[in-house]
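This report concerns only the one structure given below.
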């Protein structure tokens, strides 16, 4: 207490000319009374040079542990004011009192000297006062206060100075246990430093995640065991736990007997069909007439002397069913003594599976075309594509003419209902001349008339074609840029092969076309009520 008395007299002497500053410091000390009474890391301070060298954390004491803490609020305020006064912060080191215990007093003075400047720095940097003397805390202050509390928690677990008079031994030399041993799931919550507590949280979180994953794996194993039947599982109960993933995601595993049976069925069928080792050979195929005669009872079908499988038909067809019966009977008679475990159902299933695989290969070879056939097929596809493109372009240019003439506003509904598929298709009069790009003669297209269309609809679309030709290709020099319009000729003999449009108003269909249909065909049209089209008189004349 002698060291404090000297500082108190010096603080009172300096506070007399600065009365207002003393009151501010008193308010600050009262506000900090509940916050700063915590442990701080110990530092060695060189009083002569002012240099601070951080050292190993020493066993800390509560402020005032060397003497009884002030009991009254006034005494505690005086104690904090004396400690945090500017003159106290820069005062020389207190001398040792001859009346007190030398060991106890020197350790207390060392703690106070090390704690003075860090506490004052935190007080000056973090806790600021406004004009009325009220305290407010910055973000940095809240962060550093939290860190100091973590350090204080670490120091509380250290032994008291009374039990260790000398220096605290190095932690790395005395503590040899691993972090995972210190932070086991059954151990109490750690009270060490911030790093120790974070390490404990990470380890506990890792163990908790591991337990969760193991529980999910056990649940999936139980579901897979319930889903798989003993007939489907050929791995045995021991391998089931190792391969617990669903069997649908991996290939079906067959036992040795099943694989031997399938191999024998393939070789036996090859001998009956009198073919070589190549799988793509189909030497003898029943014709369509032979299959029809067999269905009518005029043909014996497949026999042992002439065994044939109808790969062009269904595997479950009558011809193939008879072939399966003949194959199964002969196969069992041949391997009855060699393989007595092969049953009738197993042989029949293996033969049916072989027919399906051979049929898929046969259909693939049948659909494969020669280069000449591929060229012809490609040309037909391009021809159909060009016709479809011309219909779409024709619909767009007719719709553009409707927008260009206000008197044809009612015709827009007709075009929208018909769509591009409702336009009549055409074909080139000379396909060879059409493919020549440098030809001087324009290609001519023959229109395929649609028999289901009403007469007034045909006149309307032809009117739009004439308006387009007059606007884009007028007589004289006033012609628009681009190529001339296509020349389309009407041939009353050539009819369209497209199916009639469905869901149109009743007056859009020709009365002659509707009269040629029966009740069922007429119901398929799904006709709607009539929608009259009223155009300007200049276009209807």
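Residue numbers (the working numbering): 978 to 1518. Where is the CB? At the ideal position from N, CA and C, for every residue including glycine.
For the 9 Å CB-CB criterion, residue 1428 and residue 1347 do not form a contact. In the three-state reduction of the DSSP assignment, residue 1426 falls in the strand class. By a beta-carbon distance limit of 8 Å, residue 1285 contacts residue 1262. Their separation comes to about 7 Å.
The continuous alpha helix (DSSP H) containing residue 1335 extends over residues 1321 to 1344. Taking 9 Å as the cut-off, the beta carbon of residue 1403 is found no closer than this to the beta carbon of residue 1430. With a 10 Å radius around the Cβ and a threshold of 16 neighbouring Cβ atoms, residue 1297 comes out buried. Shown here, residue 1310 sits in a helix according to DSSP, grouped into three states.
Shown here for residue 1237: not one same chain residue has a beta carbon closer than 6 Å to its own, the five before and five after excluded.
A distance below 6 Å between beta-carbons, with the five flanking residues on each side excluded, links residue 1461 to the following residues of its chain, in chain order: 1450. Excluding its 5 nearest sequence neighbours in each direction, residue 1272 has C-beta neighbours in its own chain below 7 Å: 1295, listed in chain order. Between residue 1463 and residue 1387, the C-beta spacing is not below 9 Å. When rounded, the separation of the alpha-carbon atoms in residue 1302 and residue 1232 is 25 Å. Every unbroken stretch of the alpha helix (DSSP H) spanning 4 or more residues and falling wholly within the segment 1254 to 1288 is given here in chain order: 1265 to 1272. For residue 1280, the closest alpha carbon among the candidates 1199, 1331, 1304 and 1264 is that of 1304.
In the DSSP assignment, residue 1488 falls outside any beta strand (DSSP E) and lies within the alpha helix (DSSP H) extending over 1488 to 1492. The beta carbon of residue 1467 is closer than 8 Å to those of 1424 and 1426 in its chain, skipping five residues each way along the sequence.
Sequence-distant Cβ neighbours of residue 1508 in its own chain, meaning closer than 6 Å and more than five residues away, are 1482.
In the DSSP annotation of this structure, the continuous segment of the alpha helix (DSSP H) that includes residue 1370 starts and ends at 1348 to 1381. Taking the Cα of residue 1476 as reference, the smallest distance to any Cα among 1240, 1373, 1378 and 1399 is reached at 1399. By the 16-neighbour rule on beta-carbons within 10 angstroms, residue 1489 is exposed.
As the crow flies, the alpha-carbon of residue 1319 is around 36 Å from that of residue 1197. Per DSSP, the beta-bridge partners of residue 1482 are 1505. Within the model, the alpha-carbon separation for residue 1458 versus residue 1342 is close to 52 Å. Excluding the 5 residues flanking it on each side, residue 1374 has same chain C-beta neighbours closer than 7 Å at 1445, in chain order.
In this model, residue 1441 and residue 1465 are separated by some 13 Å (Cα to Cα). With a contact defined as Cβ atoms closer than 8 Å, residue 1331 and residue 1246 qualify at about 6 Å. Contact between residue 1328 and residue 1242 holds, with the beta-carbon distance rounding to 6 Å and staying under 8 Å. Only buried fits residue 1335, as 16 or more other CB atoms lie within 10 angstroms of its CB. In terms of Cα proximity to residue 1312, the closest of 1283, 1005 and 1244 is 1244. In the structure shown, residue 1465 falls within a strand segment according to DSSP collapsed to helix, strand and coil. In this structure, the beta-carbon distance from residue 1288 to residue 1394 does not fall below 9 Å. DSSP links residue 1513 through a beta bridge to no other residue.
Residue burial annotation: residue 1377 is exposed, with fewer than 16 other C-beta atoms found within 10 angstroms of its C-beta. DSSP places residue 1405 in the uninterrupted beta strand (DSSP E) bounded by 1403 to 1405. Check the Cα spacing between residue 1396 and each of 1479, 1363, 1316 and 1354: the tightest is with 1479.
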